[in-house]
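Residue numbers (UniProt numbering): 1 to 517.
Structure (structure tokens):
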């Protein structure tokens, strides 16, 4: 069968080009011709007009038509022949291959990996929905957010612009899996002063935030089936990272003195032979508890006996309001500490989340092994951001910013506690954090903290339910303690007052007025 030659009317029947549209005329032409082939409007072996004829019919330049034909020929949609008109290639129409697929026996749905299913089970559906909907994260009481208005943007911009202008070919090719040496040196100097950490530049790894550092620790330290201690309550993301590695997160309760090490070391209640313990000694999330010195020594002694490592996650250890910050575990002058402690920190909480820069201090004996794991999976963050942050730290801007951030965060903590003390009934207890930018409200037994959080969200206020941060299984005899996790560091005083009134109205409506304070 000899196909009929395309006519001007046939071309204009399905081609509608729009001048001034975001896509170029050639791109529009490619898309519309390809769609016509897939929809069966143009059948295999159908003759197409020459590029000259097509250009004349559509009122475009011949270069536009020729470019479209070249793109279609490159992906096999049409066949271009020397001194002859192009033809449609033998591409199955959409209806044909979809019908053939339906005619086949029903196959099982695509299956996720075991690690992905484990992760999906950890992340609550409402939290995932909020992430997928790109919900604004600047609403009170959003957790884990810094105050962006306090950041000296112009200074950081100058640091970045200066590094762009001065970047050399060697800088552009930097590929050390530990990160740029200049930022590793700056980080080491900063944490030596702020947290008492003693290490060498070789031990410092730059990561894409603290979560990337935790993921790297899990890949390097844990095998499928291994047990790992996690604080309870604690961050969902930490439990998810352990599960993604195929390991078992073992929830260890936290009280006012921090992680209850003896529970983790108990043969029946814990996991005495766990491979790792993930702890936040300076500031446990969300309770704000800090690990006391006796328990720090107890934790390190257990790690030495069990042959385990301790991953010290320092979320907001520098934001200490009452007393001086406790030094890092790495600063303790105990035998074997440096061989068993990973120290993880981040700049996302103090600068801005989109920076995605954190760091990790690795025990000397494990540096090469961890570097090999890093090189086989991911690379260090972009060099320009690392270099700009190094200058920002070395020139003293970061230390000045931290002082301002600490002062503002303390003012907001005190204001929020005062407002909640006036508005909430006595049945609701606020835990006073000694540092950080989060506080926890303990609700009366039986309160539905998930429903309260949903009601708050409908009124423009964010919070997290405490029960979702508790990993231990609930039972009729020991239900999960309800509560609310509130972030206050990123929000103005007026916004906190308004949000506190909204929160009090929702909480009182849910649990009743109760006894006055």
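The beta carbon of each residue, even a glycine, is placed where N, CA and C say it ideally should be.
Check	Outcome
Say the cut is 6 angstroms; is the CB of residue 218 nearer than that to a heavy atom of the ligand HEM?	Here there are no bound small molecules, and the ligand HEM is not part of this structure.
Work out the CA separation of residue 237 and residue 467 for me, nearest whole Å.	15 angstroms
Since I believe residue 244 is in contact with residue 217 (beta carbons under 8 angstroms), could you give me their beta-carbon distance rounded to a whole number of angstroms?	Actually they are not in contact, since the Cβ atoms of residue 217 and residue 244 sit about 12 angstroms apart, beyond 8 angstroms.
Out of 46, 55, 72, state which residue places its alpha-carbon closest to the alpha-carbon of residue 32.	72
For residue 18, which three-state DSSP category applies?	coil
Can you give the beta carbon distance from residue 457 to residue 318, rounded, assuming they're within the 8 angstroms contact cut?	Actually they are not in contact, since the Cβ atoms of residue 457 and residue 318 sit about 31 angstroms apart, beyond 8 angstroms.
Looking at residue 331 and residue 343, is the spacing between their C-beta atoms short of 7 angstroms?	no
Please give the ranges of any alpha helix (DSSP H) in the stretch 242-283, keeping only runs that are unbroken, at least 4 residues long and fully inside the region.	261-264
Hey, out of 55, 471, 79, whose CA is closest to residue 90's CA?	79
Tell me which residues share the same chain as residue 304 and place their Cβ nearer than 6 angstroms to its Cβ, disregarding the 5 neighbours each side in the sequence.	336
Evaluate the contact criterion for the stretch 439-452 versus the stretch 391-406: three or more CB pairs, one atom per stretch, below 8 angstroms.	no
Under a Cβ-count criterion, where at least 16 other Cβ atoms within 10 Å of its own Cβ denotes burial, should residue 285 be classed as buried or exposed?	buried
Whether or not the stretch 370-390 and the stretch 206-217 are in contact is what I'm after, with contact meaning three or more pairs of Cβ atoms, one per stretch, closer than 8 angstroms; do they touch?	yes
One question on the structure: do residue 522 and residue 228 come within less than 7 angstroms of each other, judged by their Cβ atoms?	Residue 522 falls outside the range modelled here, since the chain spans only 1 to 517, and no answer is possible.
Give every residue of the same chain whose Cβ lies closer than 6 angstroms to the Cβ of residue 297, excluding the five residues on either side of it in the sequence, and list them in chain order.	none
Return the chain-ordered list of same chain residues with a C-beta closer than 6 angstroms to the C-beta of residue 269, the five sequence neighbours on each side being excluded.	263
So within the stretch 298-327, which uninterrupted beta strand (DSSP E) runs reach at least 3 residues, ignoring any that extend past its ends?	309-314
Residue 112: buried (16+ other C-beta within 10 angstroms of its C-beta) or exposed?	exposed
Note down, in chain order, each residue of its chain lying with its Cβ closer than 8 angstroms to the Cβ of residue 444, except the 5 sequence neighbours on either side.	427, 428, 482, 511, 514
Can you check which of these residues, 212, 421, 221, 251, is closest to residue 230 by C-alpha distance?	251
Considering only the alpha carbon of each residue, which of 346, 480, 198 lies closest to residue 446?	480
With DSSP collapsed to three states, give me the class of residue 6.	Because the pLDDT of residue 6 is 44, which lies under 50, any placement of that residue in the model is unreliable, and the number read from its coordinates should be weighed accordingly. In the structure shown, residue 6 sits in coil (DSSP, three-state: anything other than H, G, I, E or B).
Is the Cβ-Cβ distance between residue 141 and residue 418 less than 7 angstroms?	no
Could you please give me the residues that DSSP links to residue 89 through a beta bridge?	Per DSSP, none; premise fails for residue 89.
Roughly how many angstroms separate the alpha carbons of residue 475 and residue 290, rounded to a whole number?	Bear in mind that the predicted position of residue 475 carries a pLDDT of just 42, short of 50, making it unreliable; the figure below should be weighed with that in mind. Between residue 475 and residue 290, the C-alpha separation is close to 28 angstroms.
Taking all protein chains shown into account, do 16 or more other C-beta atoms lie within 10 angstroms of the C-beta of residue 308, making it buried, or fewer, making it exposed?	buried
Looking only at its chain, what residues have a beta carbon closer than 8 angstroms to the beta carbon of residue 19, apart from the 5 residues adjacent to it on each side?	25
Quick one: is residue 7 buried, meaning 16 or more other Cβ sit within 10 Å of its Cβ, or exposed?	Residue confidence is low: residue 7 scores 41 on pLDDT, short of 50, so the model does not pin down where it sits. Its coordinate-derived value is still stated next. Residue 7 should be labelled exposed.
Please tell me whether residue 37 and residue 77 are closer than 7 angstroms, where the distance is taken between their beta carbons.	yes
Give the secondary structure of residue 231 by DSSP, where H, G and I count as helix, E and B as strand, and everything else as coil.	strand
Just to confirm the assignment, what range does the alpha helix (DSSP H) spanning residue 488 have?	Run containing residue 488: none; DSSP gives neither H nor E here.
Compute the Euclidean distance between the alpha carbons of residue 177 and residue 235, then round it to the nearest angstrom.	27 angstroms
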